[in-house]
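Before any comments, here is the structure.
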Amino acid sequence: MTTETMKNSGVEWIGNIPREWSISRLKDCLEIRNGKEVETDGGDIPVYGSGGVFGSTTSFLHDGESILFGRKGTIDKPLLAAGEFWTVDTMFYSVLRGNDNLKYLYYAALCLDFKSRQSGSTLPSMTQTALGGFFIPRPKLQEQQIIAAVLDEETGKIDQAIHLLQQELETMEQLKKSLIYEAVTKGLDPSVPMKPSGVDWIGDIPEHWQAKRLKYLCMMKSGDNLTSNDIADSDTVPVYGGNGIRGYYSMYNNSVDRVLIGRQGALCGNVHFAMAPFWATDHAIVVTEGSEYIKQFAFYALLAMNLNRLSMTAAQPGLAVETVMNEFSPLPSLYEQETIVSYLESRTDNFNQILAIKERQLELLQQQRQSLIFEYVTGKRRVSEVA
Numbered sequence: 084m085t086t087e088t089m090k091n092s093g094v095e096w097i098g099n100i101p102r103e104w105s106i107s108r109l110k111d112c113l114e115i116r117n118g119k120e121v122e123t124d125g126g127d128i129p130v131y132g133s134g135g136v137f138g139s140t141t142s143f144l145h146d147g148e149s150i151l152f153g154r155k156g157t158i159d160k161p162l163l164a165a166g167e168f169w170t171v172d173t174m175f176y177s178v179l180r181g182n183d184n185l186k187y188l189y190y191a192a193l194c195l196d197f198k199s200r201q202s203g204s205t206l207p208s209m210t211q212t213a214l215g216g217f218f219i220p221r222p223k224l225q226e227q228q229i230i231a232a233v234l235d236e237e238t239g240k241i242d243q244a245i246h247l248l249q250q251e252l253e254t255m256e257q258l259k260k261s262l263i264y265e266a267v268t269k270g271l272d273p274s275v276p277m278k279p280s281g282v283d284w285i286g287d288i289p290e291h292w293q294a295k296r297l298k299y300l301c302m303m304k305s306g307d308n309l310t311s312n313d314i315a316d317s318d319t320v321p322v323y324g325g326n327g328i329r330g331y332y333s334m335y336n337n338s339v340d341r342v343l344i345g346r347q348g349a350l351c352g353n354v355h356f357a358m359a360p361f362w363a364t365d366h367a368i369v370v371t372e373g374s375e376y377i378k379q380f381a382f383y384a385l386l387a388m389n390l391n392r393l394s395m396t397a398a399q400p401g402l403a404v405e406t407v408m409n410e411f412s413p414l415p416s417l418y419e420q421e422t423i424v425s426y427l428e429s430r431t432d433n434f435n436q437i438l439a440i441k442e443r444q445l446e447l448l449q450q451q452r453q454s455l456i457f458e459y460v461t462g463k464r465r466v467s468e469v470a
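Using this note's numbering, the letters of the sequence shown map in sequence onto residues 84 to 470.
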C-alpha cells in the first residue's frame, strides 16, 4: 500500500494502518472474565487451563465462541474455544462487547507481546487490567470478517505443511531412539548368543554382558539453585535446568563435561551432555560415572531408559535421585562401550543433521504464519475485496 493511504497508529507494535481503520483497547472489544475451579469428573465438556485442555467435566462455564487468555503459567498463547466449555482459575475467557468478528480479534491477539505486561518471574502472570490495556487495530466489521476468512484459508495451508513436517520430525526422532536402544541393549553383533536381562525395559542382552543398577556404576546429585534474576540471556557460562539450557551466568559449578538428567517439570527425565564449564541448577541431576561406565555410553544408556516414566504424579512432575539410581543399565565391557559410542556418534550425527534442517524448515514456516497474520491484522496487506 502507498504511504498516502496509511496513517501512524501511535502504537509501536502496530506501526502504520489504513487511514479508515481505528485503534481500540482489547477491553473495548472483549469483556474478559475469570475462570473458576471445577472438579474434572470425566464428563464430555472440556476444561481449559493456561496450557490448554487438561480434563473434562459435566457442567459448563460458557457456551459459545470465546478467546481464552492465560492468567498464570502460559500467558502468551491465546486459544479459540467454541461450544460448551469451562476455564479454571489460570485461564481467562472472553465475550464480545460489540459488533466485532471474534475470529479477527483472535488473530489480532496472536500478535500481542504478552510477556511485556506479565508480572511474576517464577510463574508468569497476567492481570485483567494489563490484558485489557493492549491496543489492537480495528477495521470495520466487513473487513474483519474478510480478513478472518482469508487468514483461515492461508494459515490452514501453512498449518498442513507444519503438521506434515512435525510428523517427519517425530518419525526421525523415533528412528534415532530405536537406533540408540538397539545399540545399548543388544550390541552391534547380531550373531552373539543372548540371555534374559531380567529387566523389563532392557529385554535380552548379549550373553557376556551384565545388567547393573546405576548406583553401582555412577554417582548422582542435584545441582545448585540459581534464581531467575541470576540467569541472563547472554553471558559466558551456560545454565542447565530441568530441560536443557535455561540461560547464562557468570560463574560455573562444573568444570568437567557431565551427563545431566532433568529432575523437575513435565519433561523430567530428559538427558543432556553438558560441555564444561557450565552451571547445573537444582532442577538437574549431575551424573559422575565410575570406572566401569564410560561417560558417553552412560549418556546413550540413560537416553534409552525413558526416565520420564519414573516421574512422580504431581502438579509439578519430578524425579527423585534415589529412584533413578535404582534403575538398571546394560553393562558391556569398556571396549564394547567405546565401540558402541563410536558407532552411535557417527550414526546419530547423520540424524542430527537431518533433524536440524527440518527444524529450521519448521521454524521458517512458523515465522511465515506469524508474519502473514501480522500483515493482515495491521493492514499492511489488504484483502482484495476492500483494498
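In this text, a Cβ means the ideal position worked out from N, Cα and C, and glycines have one as well.
Predicted model only: the values in this text are computed from it and were never measured.
- Your pair Ile115 and Gln250 does not check out as a contact, with CB atoms roughly 36 Å apart and the cut at 8 Å.
- Here the alpha carbon of Phe218 sits roughly 16 Å from the alpha carbon of Gln201.
- Rounded to the nearest angstrom, the Cβ distance from Leu386 to Val354 is 5 Å, consistent with a contact under 8 Å.
- DSSP lists Lys304 and Leu343 as the bridge partner or partners of Val369.
- The Cβ-Cβ distance between Ile285 and Thr310 does not fall below 7 Å.
- In the three-state reduction of the DSSP assignment, Ser429 falls in the helix class.
- Here the C-alpha atom of His246 lies approximately 21 Å from the C-alpha atom of Asp159.
- In the three-state DSSP reduction, Gln444 falls in the helix class (H, G or I).
- A distance below 8 Å between beta-carbons, with the five flanking residues on each side excluded, links Val121 to the following residues of its chain, in chain order: Val130, Thr140, Ser142, Leu144, Trp169 and Val171.
- Annotated three-state conformation of Arg116 is strand, per DSSP.
- The shortest C-alpha to C-alpha distance from Glu405 to any of Thr157, Val369 and Gly215 is the one to Val369.
- The C-alpha of Gly156 is placed about 12 Å away from the C-alpha of Phe197.
- Rounded to whole angstroms, Gln228 and Asn91 show a C-alpha spacing of 23 Å.
- The three-state reading of DSSP puts Ala359 in coil, since its state is none of H, G, I, E or B.
- At the C-beta level, Ala381 and Val342 come within 7 Å of one another.
- For Tyr331, the beta-bridge partners assigned by DSSP are Ala315 and Pro321.
- If you check the CB distance, Tyr187 and Ala231 come in under 7 Å.
- Nearest to Tyr190 by alpha-carbon distance, out of Tyr459, Ser467, Arg465 and Tyr332, is Tyr459.
- Between the alpha carbons of Asp307 and Tyr383 lies a gap of roughly 25 Å.
- Rounded to whole angstroms, the separation of the alpha carbons of His291 and Gly352 is 29 Å.
- Counting only the Cα atoms, Ile314 lies some 8 Å from Arg329.
- Just measuring C-alpha positions, the residue of Asn117, Lys110, Leu113 and Gly147 sitting nearest Ile128 is Gly147.
- Beta-bridge analysis with DSSP links Gly216 to no other residue.
- Assignment of Ile423 by DSSP, reduced to helix, strand and coil, places it in the helix class.
- Less than 7 Å separates the beta-carbon of Met408 from that of Lys298.
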